[in-house]
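Novice:
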Amino acid sequence: MNILVAGGAGYIGSHTCVALLEAGHTVSVVDNLLNSKIEILEQIKKITGKAVVFYQVDVTNEAAMETIFSEHMFDGVIHFAGLKAVGESVAKPLEYYYNNVVSTLVLAKMCRSYGVKRFVFSSSATVYGDNKVPFIESMPLLSTTNPYGETKVMSERILMDFAQVNNHHSIALLRYFNPIGAHESGLLGESPNGVPNNLMPYMTQVAKGKQAKLRVFGNDYETIDGTGVRDYLHVCDLAEGHVAALNKITAGVHIYNLGTGCGTSVLQLVEAFEQANGIKLPYEIVGRRPGDIAECFADVSKVAQELGWTAKRDLVAMCKDAWRFEQRLLS
Ligand code: NAD
Ligand code: UDP
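Position 223, counted from 1, in the sequence shown is what the working numbering calls 794; the numbers after and before it change by one each time, with no gaps.
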């Protein structure tokens, strides 16, 4: 298939480009490089031996997107082009609503105009709010605690309404749990600007000495050891989930959790990292981070049954691959 990957230079998008190319698909990437670098495209080529067509374009620029769609006959679109920092979304709500919602509207409109039948959207487990674990696709969504989460709820809603009247389109709303790790080559991974917000990139920076110690946000949750529990999955497994969705979805909207189904606490992840890499990670317990929930993990039976996808890589691989990538970074 000929696939447009919006946000394909980013962390999950770049790994998905690799998975698509390795599965024999043709890939075009549109990315404004707001949170990524052009060099990523070279890394994708080094890994796969194949090039992607690249457009440095903002997805909210409808006229520029018209030109791209008119030049290709895409079979499908994957939409990763979002802003994703939860804290920043509280400080910059208009930018988040505009970027994340308008990009969805523009891409859906292009799919309608150019008869592109497959649409895969990057949603998030954050849409479940503080529901009871494990989170199941059929659960009513509870309110999210920040504008970022709301943009995911809104985009899902837009695509559901779109599918109601455009019933030849096949739409997958993929609710990611916590992707971590990196490509095993060490050529692709997650390198956030500034001080990382997320746990794994913070841990790898502590391991490298870029941060003095990890701050563990709260040890008084009702969890196995009091620290927050999440469903960490390897970014390459997540990438392969997109290929499975593109191949398998039929007309209508399909919602899938992409996770492992296993919860891991902060301290369990620290221990896994230490064991996998033979490195001690200094940490201190500090207060809870506002907006955090105690536990978040997926029920993954629907995606296994309908798409035949399950996460294969374990925590050891996630920790080793994340650390290998961090070590290759220059600073
Ligand atoms: P990322 O920031 O690494 O990648 C997003 C890419 O989209 C970047 O390359 C950025 O430059 C680009 N982009 C953003 N807005 C754009 C626009 N208007 N036009 C063109 N390009 C644009 O983020 P990621 O971690 O790869 O996440 C990809 C998607 O998955 C996002 O929508 C994110 O909200 C969602 N998601 C991520 C996680 C996670 O933990 N990383 C979890 C759940 C959902
Ligand atoms: N966390 C932490 N210290 C950090 C970053 C995160 O203790 O520096 C905890 C956080 O409270 C949560 C878990 O690690 O319980 C995962 O956080 P992350 O930001 O990676 O993902 P999210 O909370 O968005 O699921």
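For glycine and all other residues, C-beta sits at the position ideal for the given N, C-alpha and C.
Values in this document were obtained by computation on a predicted structure and should not be read as measured data.
Would Val672 be called buried (16 or more neighbouring beta carbons within 10 Å of its own) or exposed?
Specialist: Buried, since its Cβ has 16 or more Cβ neighbours within 10 Å.
Novice: To the nearest angstrom, report how far apart Ile864 and Lys621 are at their CA atoms.
Specialist: Rounded to the nearest angstrom, the two C-alpha atoms are 41 Å apart.
Novice: Where do the N-terminal and C-terminal ends of the alpha helix (DSSP H) with Ile820 fall, by residue?
Specialist: From DSSP, Ile820 is part of no alpha helix (DSSP H); its letter is neither H nor E.
Novice: Tell me which residue opens and which closes the beta strand (DSSP E) that His739 is part of.
Specialist: Careful: His739 lies outside any beta strand (DSSP E) and carries neither H nor E.
Novice: Using a Cβ distance threshold of 8 Å, determine whether the region 777-786 contacts the region 878-898, with at least three qualifying pairs required.
Specialist: Yes, they touch.
Novice: Would you report the Cα separation of Leu809 and Ser756, rounded to the nearest angstrom?
Specialist: Taking the straight line from one Cα to the other gives about 17 Å.
Novice: In the structure shown, what three-state DSSP assignment does Cys867 receive?
Specialist: If DSSP states are grouped into helix, strand and coil, Cys867 belongs with the strands.
Novice: Whole angstroms is fine: what's the gap from Cys807's alpha carbon to Ile820's?
Specialist: Cα to Cα, Cys807 sits roughly 20 Å from Ile820.
Novice: Is Val630 near the ligand NAD, in the sense that its beta carbon is under 8 Å from a heavy atom of that ligand?
Specialist: Flag set: Cβ of Val630 near the ligand NAD.
Novice: Nearest by alpha-carbon distance to Tyr626: which of Ala577, Val824, Cys682 is it?
Specialist: Per the Cα distances, Ala577.
Novice: Check each candidate in Ala696, Ala822, Gly752 and name the one with the smallest Cα separation from Met731.
Specialist: Of Ala696, Ala822, Gly752, the residue nearest in Cα terms is Ala822.
Novice: For the alpha helix (DSSP H) that Arg895 lies in, which residues bound it at each end?
Specialist: Note, Arg895: alpha helix (DSSP H), 886-899.
Novice: Would the C-beta of Val657 count as close to the ligand UDP, meaning under 8 Å from any of its heavy atoms?
Specialist: For the ligand UDP, at least one heavy atom lies less than 8 Å from the Cβ of Val657.
Novice: Distance check for Pro718 and Tyr668, CA to CA, integer angstroms please.
Specialist: Near 7 Å, if we compare the C-alpha coordinates of Pro718 and Tyr668.
Novice: Looking only at its chain, what residues have a beta carbon closer than 6 Å to the beta carbon of Asn790, apart from the 5 residues adjacent to it on each side?
Specialist: Closer than 6 Å at Cβ, skipping near neighbours: Gly797, Thr798, Ile856.
Novice: Thinking C-alpha only, which one of Arg859, Leu804, Gly686 is nearest Val648?
Specialist: For the residues Arg859, Leu804, Gly686, the minimum Cα distance to Val648 belongs to Gly686.
Novice: Between Phe733, Leu654, Cys682, which has its C-alpha nearest Ser694's C-alpha?
Specialist: Nearest of Phe733, Leu654, Cys682 to Ser694, Cα basis: Leu654.
Novice: Tell me where the alpha helix (DSSP H) around Thr587 begins and ends.
Specialist: Note, Thr587: alpha helix (DSSP H), 582-593.
Novice: Where does Thr715 land, buried or exposed, given buried means 16+ other C-beta within 10 angstroms?
Specialist: Thr715 comes out buried.
Novice: Just the Cα atoms here: how many angstroms apart are Met572 and Val787?
Specialist: For Met572 and Val787, the distance between alpha carbons rounds to 44 Å.
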